[in-house]
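**Student:** Here it is, the structure in full.
Protein chains: 2
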Amino acid sequence: MATLKDISVELGLSVATVSRALNGFPEVGARTRTRVQEAAARLGYRPNRSAQRLATGRSGVVGMIVKLRADMSADQTFFDVITSLTAELAARDLDLVLSVDQGDDPVAPYKRMLERDLLDGFVLNAPVPNDPRPGFLMSRDVPFVMHGQAHDAPDYAFFGIDNAAVSADAVELLTTLGHRRIALINGEARFAFAAEREAGFRAAMAAGAGAVPDSAVADGPPTENTGYTLALSWLSGRTGPRPTAILCATTPVAAGVLRAARDLGLSVPGDLSVMAHDDALPNIRPAHFNPALTVTHAPLREACAPLAQMLVDHLNGAPPARLQTVIRAGLIVRASTGPVPKGEDIPWQIP
Amino acid sequence: MATLKDISVELGLSVATVSRALNGFPEVGARTRTRVQEAAARLGYRPNRSAQRLATGRSGVVGMIVKLRADMSADQTFFDVITSLTAELAARDLDLVLSVDQGDDPVAPYKRMLERDLLDGFVLNAPVPNDPRPGFLMSRDVPFVMHGQAHDAPDYAFFGIDNAAVSADAVELLTTLGHRRIALINGEARFAFAAEREAGFRAAMAAGAGAVPDSAVADGPPTENTGYTLALSWLSGRTGPRPTAILCATTPVAAGVLRAARDLGLSVPGDLSVMAHDDALPNIRPAHFNPALTVTHAPLREACAPLAQMLVDHLNGAPPARLQTVIRAGLIVRASTGPVPKGEDIPWQIP
DNA sequence: CTGAAAGCGCTTACAG
DNA sequence: CTGAAAGCGCTTACAG
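Which chain is which? The protein sequence lines are A and B, in order.
Residue numbers for the first sequence follow the UniProt record's numbering, beginning at 1 and rising by one.
Residue numbers for the second sequence follow the UniProt record's numbering, beginning at 1 and rising by one.
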């Protein structure tokens, strides 16, 4: 394995200059930099991470703790995020060490990893309302970045989508089409994003379609089965007036709703409009649903590069309160949404 | 953070001696070792991994590549193994870096990780028949250990259970109870362990109960749904004579079989005996099934300590062909198996 | 049984 | 713009 020394000998430069050239220090001459870069490529130079880490005092390792849920439903989104996050961190010379935890104490696994004393920072996933992890890590001065947002005006680094707008955009599309009885199959209530979506949903509905009864909001694991079961119960009409549109937390949930409609002989979008939020998981193509699914669209994996970069910036001393990004999901109108059925543009009745 | 130097100053010893004492070198005097260990504990000494790694030339990082399947069914066993493996490797000062791959080429992701040139070795999971990964890694002299076994007389390190015996033990129990028409819901055919289980099943059946028609062997994802669907079709009797016993690849599959029996009004074990192989996943308690499930039993997570140790030994120069262990699963007889129903002890007919 | 010393491959003040 | 040198915290022949 070629070292800085090899390059320096090859070019008659000092190791220091070679190091500076490769690390993009501005004071290096353009010609020198080019020569160094070429020699590095020619010799197949790769920095020795352990040496870099020893010299800089960083471990180059960041951690992420995955909560295993009691119901054992391995989250499909998990793999997608891990894939991208690992790659994005690797591109920035950081290794990601995963640790799976099954305990009840949300900060205990972080304490445990910190004790081993070899982590530069954390990526926090699956925030819950009033998540205690940011407070704990900040009290110990441990850098981290959160995927999502657990508090209203956080003083920590995070990247997420505007979940209230996800609901509002969907509601606005549907109310413009005349819908008033819109139901929501939300993500699991214990997660912060779900709380934001529900709040956004209720606010947008109140503004455009009328108040929403509790019976028109439900949640469950983000599966086809959840969608099927809830839609079947709502659409059968046994539980009161039927919704004319259903908003789904994920595309698999929407697949279940579509199946329920089919089983009940309801046409989509003739009798029922269906929308979902689309995390753009691989192997799930809402464009190929039948009918093609109207969605709000925000690929989960696109969060990974910003998250990795924020963490690097944070490690390099950037103030975390500057490392905050909220992006707005896109809206893709396809064939699963249409005008409200005639005579059905009647708001929910609050009991 | 305390260093070796701190300890050496504290005790008036050399850094070298402190290092030797802490690393268990035999030549250190017993009293000296004790003093050093006490001082290390008192000062909260933790070795600096980067320094160790730089000095030893090892990265201290091993990789594991997780294949993401097209059907997106995140394997429940995955989390269990990752949890334990991470912990066991950490206890041996190794970090585990996961990489998720979705491509078709089984060795490409290993090549890619190798190019980054910072891995000491790999843990290989989910072996398939004639798995190309061992050959590739051996050709590059990359240490690895396989969870399971992909070849008949491997020349590489691996740890696994005797899958043929898993089937044979189950078949023997059932034939002793008089069963002759035993059906198998196997793990997915693309995995090596499933091929071993099927071969073991057919051999044991041929020896004790008669040959098995292809229609009595099926496979699918290791889910409740797989068990329910297959059992329903077999037990309805539409596809030929009913099995009097069903062997399941996993406990969730058995849960599905039990539900199918219930739905059809069949009693277990009166009309049907049910067995499964139990990976001992958390939150699944075959002892609490109704009836309590008879199983072959081999906790997946118990493979992790041996795997971690084997990898360490391999990294320390042990010849991989010595690092091979096959353990035998246990057999736990509970209430889901019983004597064959009267007059039903008639072998399968091969069409 | 213990120590002095070299070395692992980087980074980064300090000088010029 | 470049270099000489110290230092990061270990490990490990080599000597005694």
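We put the CB at the ideal spot given by N, CA and C, even for glycine.
Predicted model, so just to flag it, every value in this text is computed and none were measured.
Could you check whether leucine 232 of chain B and threonine 77 of chain B sit closer than 8 Å to each other, using their CB atoms as the reference points?
**Tutor:** The residue given as residue 77 of chain B occupies position 77 in the second sequence. The residue given as residue 232 of chain B occupies position 232 in the second sequence. No, the pair does not count as a contact, with Cβ atoms beyond the cut-off.
**Student:** Does the Cβ of asparagine 130 of chain A have 16 or more other Cβ atoms within 10 Å, making it buried, or fewer, making it exposed?
**Tutor:** Stepping through the first sequence from its first residue, residue 130 of chain A is reached at position 130. Per the 10 Å Cβ criterion, exposed.
**Student:** Can you give the beta carbon distance from residue 414 of chain A to valine 171 of chain A, rounded, assuming they're within the 8 Å contact cut?
**Tutor:** The structure shown does not extend to residue 414 of chain A, since chain A spans only 1 to 351, so no value can be given for it.
**Student:** For chain A, is any of its Cβ atoms less than 8 Å away from the one on proline 291 of chain B?
**Tutor:** Position 291 of the second sequence holds residue 291 of chain B. Output row for proline 291 of chain B: interface = no.
**Student:** If the cut is a Cβ gap below 7 Å, which residues of chain B does serine 99 of chain A touch?
**Tutor:** Reading the first sequence from its first residue, position 99 is the one you call residue 99 of chain A. What serine 99 of chain A touches in chain B: Thr86.
**Student:** Hey, quick one: how far does the beta strand (DSSP E) through histidine 314 of chain A stretch, first residue to last?
**Tutor:** Against the first sequence, residue 314 of chain A aligns to sequence position 314. Careful: histidine 314 of chain A lies outside any beta strand (DSSP E), inside the alpha helix (DSSP H) at 304 to 315.
**Student:** Below 8 Å on C-beta distance, what does leucine 22 of chain B contact in chain A?
**Tutor:** Position 22 of the second sequence, counted from the first residue, corresponds to residue 22 of chain B. Result: empty, since nearest Cβ-Cβ is about 16 Å, beyond 8 Å.
**Student:** Indicate the three-state DSSP secondary structure (helix, strand or coil) for threonine 3 of chain B in the structure shown.
**Tutor:** The residue labelled residue 3 of chain B in the question sits at position 3 within the second sequence. Threonine 3 of chain B: coil per DSSP, three-state reduction.
**Student:** Under 9 Å Cβ-Cβ, which residues of chain A neighbour alanine 287 of chain B?
**Tutor:** In the second sequence, counting from the first residue as 1, residue 287 of chain B sits at position 287. Going along chain A, no residue has its Cβ under 9 Å from alanine 287 of chain B, so there is no contact; the nearest lies around 17 Å.
**Student:** Please list the residues of the region 303 to 327 of chain B that have a C-beta atom closer than 8 Å to any C-beta atom in chain A, keeping them in chain order.
**Tutor:** For the region 303 to 327 of chain B, which is checked against every Cβ of chain A, not one residue is closer than 8 Å.
**Student:** Can you give me the C-alpha to C-alpha distance between leucine 323 of chain A and leucine 98 of chain B, rounded to a whole angstrom?
**Tutor:** In the first sequence, residue 323 of chain A corresponds to position 323, counting from 1. In the second sequence, residue 98 of chain B corresponds to position 98, counting from 1. Whole-angstrom Cα-Cα distance: 26 Å.
**Student:** Measure from the alpha carbon of glycine 330 of chain A to the alpha carbon of each residue in A/Leu300, A/Gly103, A/Glu196 and A/Met146, then state which is nearest.
**Tutor:** Residue numbering aside, residue 330 of chain A sits at position 330 when the first sequence is read from its first letter. For glycine 330 of chain A, the nearest C-alpha among the options comes from A/Leu300.
**Student:** Locate the beta strand (DSSP E) running through valine 100 of chain A, then write down its first and last residues.
**Tutor:** Reading the first sequence from its first residue, position 100 is the one you call residue 100 of chain A. Note, valine 100 of chain A: beta strand (DSSP E), 95 to 101.
**Student:** Under a CB-based cut-off of 8 Å, is phenylalanine 79 of chain A close to chain B?
**Tutor:** Within the first sequence, the letter at position 79 stands for residue 79 of chain A. Output row for phenylalanine 79 of chain A: interface = yes.
**Student:** Are the beta-carbon atoms of alanine 189 of chain B and glycine 148 of chain B separated by less than 8 Å?
**Tutor:** For the purposes of this step, residue 189 of chain B is taken as the residue at position 189 of the second sequence. For the purposes of this step, residue 148 of chain B is taken as the residue at position 148 of the second sequence. No, they are not a contact pair.
**Student:** Here's a check: name, in chain order, each residue in its chain whose Cβ is nearer than 6 Å to the Cβ of proline 320 of chain B, leaving out the five neighbours to either side.
**Tutor:** By one-based count along the second sequence, residue 320 of chain B stands at place 320. Answer for proline 320 of chain B: Tyr156, Ala157 and His314, listed in chain order.
**Student:** Once the 5 residues before and after arginine 202 of chain B are set aside, which same chain residues still bring their CB inside 7 Å of it?
**Tutor:** One-based indexing of the second sequence puts residue 202 of chain B at position 202. Excluding positions up to five away in sequence, the list reads Val212.
**Student:** Taking buried to mean at least 16 other C-beta atoms within 10 Å of its own C-beta, is proline 351 of chain A buried or exposed?
**Tutor:** Against the first sequence, residue 351 of chain A aligns to sequence position 351. Under this definition proline 351 of chain A is an exposed residue.
**Student:** Give the residues of chain B in contact with proline 127 of chain A, contact being defined as C-beta atoms less than 7 Å apart.
**Tutor:** Residue mapping note: residue 127 of chain A aligns to position 127 of the first sequence, counting from 1. What proline 127 of chain A touches in chain B: nothing, since even the nearest Cβ is about 20 Å away.
**Student:** Could you check what DSSP says for residue 436 of chain A in three-state terms: helix, strand or coil?
**Tutor:** Because chain A spans 1 through 351 in this model, residue 436 of chain A falls outside it and cannot be assessed.
**Student:** If leucine 293 of chain A sits next to arginine 334 of chain A, beta carbons under 8 Å apart, how far is it from one beta carbon to the other, in whole angstroms?
**Tutor:** In the first sequence, counting from the first residue as 1, residue 293 of chain A sits at position 293. In the first sequence, counting from the first residue as 1, residue 334 of chain A sits at position 334. Confirmed, about 6 Å.
**Student:** Are the Cβ atoms of aspartate 95 of chain B and glycine 60 of chain B separated by less than 8 Å?
**Tutor:** What you label residue 95 of chain B is simply residue 95 of the second sequence in a count that begins at 1. What you label residue 60 of chain B is simply residue 60 of the second sequence in a count that begins at 1. Result yes, Cβ atoms of aspartate 95 of chain B and glycine 60 of chain B sit closer than 8 Å.
**Student:** Contact between the region 246 to 266 of chain A and the region 40 to 53 of chain A is defined here as three or more beta-carbon pairs at a separation below 8 Å; is this criterion met?
**Tutor:** Verdict: no, contact absent.
**Student:** List the residues of chain B whose Cβ lies closer than 9 Å to the Cβ of isoleucine 82 of chain A, in chain order.
**Tutor:** The residue labelled residue 82 of chain A in the question sits at position 82 within the first sequence. Going along chain B in sequence order, the residues near isoleucine 82 of chain A (Cβ under 9 Å) are Val66, Leu98, Ser99 and Val100.
**Student:** Counting C-beta neighbours from all protein chains within 10 Å, is the total for asparagine 163 of chain B 16 or more, i.e. buried, or is it exposed?
**Tutor:** Position 163 of the second sequence holds residue 163 of chain B. It counts as buried.
**Student:** Please confirm whether arginine 46 of chain A has its beta-carbon closer than 8 Å to some beta-carbon of chain B.
**Tutor:** For this step, residue 46 of chain A is matched to residue 46 along the first sequence. Yes, arginine 46 of chain A lies at the interface with chain B (some Cβ there is under 8 Å from its Cβ).
**Student:** I'd like the ranges of any alpha helix (DSSP H) spanning at least 4 consecutive residues and lying wholly in the region 92 to 172 of chain A.
**Tutor:** 108 to 116 and 133 to 139, all fully within the region 92 to 172 of chain A.
**Student:** Counting only Cβ pairs nearer than 9 Å, list the residues of chain A close to arginine 92 of chain B.
**Tutor:** As a first step, residue 92 of chain B must be located in the second sequence, where it is residue number 92. Neighbours of arginine 92 of chain B on chain A: none; closest Cβ ~12 Å, over 9 Å.
**Student:** Quick check on DSSP: helix, strand or coil for residue 438 of chain A?
**Tutor:** The structure shown does not extend to residue 438 of chain A, since chain A is modelled only from 1 through 351, so no value can be given for it.
**Student:** Quick one: is alanine 231 of chain A near chain B, going by C-beta distance under 8 Å?
**Tutor:** Stepping through the first sequence from its first residue, residue 231 of chain A is reached at position 231. No, its Cβ sits nowhere closer than 8 Å to a Cβ of chain B.
**Student:** Can you give the Cα-Cα distance for alanine 206 of chain A and threonine 296 of chain A, rounded to whole angstroms?
**Tutor:** For this step, residue 206 of chain A is matched to residue 206 along the first sequence. For this step, residue 296 of chain A is matched to residue 296 along the first sequence. The straight-line gap from Cα to Cα measures roughly 20 Å.
**Student:** Kindly indicate which residue of B/Pro241, B/Leu184, B/Leu174 and B/Gly208 has the alpha-carbon position closest to the one of aspartate 219 of chain B.
**Tutor:** Translated into positions along the second sequence, residue 219 of chain B becomes position 219. Nearest of B/Pro241, B/Leu184, B/Leu174 and B/Gly208 to aspartate 219 of chain B, Cα basis: B/Leu184.
**Student:** Can you tell me which of A/Arg181, A/Ala199 and A/Leu13 puts its alpha carbon nearest to the alpha carbon of serine 167 of chain A?
**Tutor:** As a working note, residue 167 of chain A is residue 167 in the first sequence. Checked all of A/Arg181, A/Ala199 and A/Leu13; the closest Cα to serine 167 of chain A is A/Ala199.
**Student:** Any heavy atom of the ligand FMN closer than 7 Å to the CB of asparagine 283 of chain A?
**Tutor:** The model depicted lacks the ligand FMN and carries no ligand whatsoever.
**Student:** Using a Cβ-Cβ cut-off of 8 Å, state whether aspartate 117 of chain B counts as contacting chain A.
**Tutor:** To locate residue 117 of chain B, count along the second sequence from 1; it is residue 117. Yes, because at least one Cβ of chain A sits closer than 8 Å to the Cβ of aspartate 117 of chain B.
**Student:** Under a three-way DSSP split, which group does serine 50 of chain B fall into?
**Tutor:** Walking along the second sequence from the start, residue 50 of chain B turns up at place 50. DSSP places serine 50 of chain B in helix when its eight states are reduced to three.
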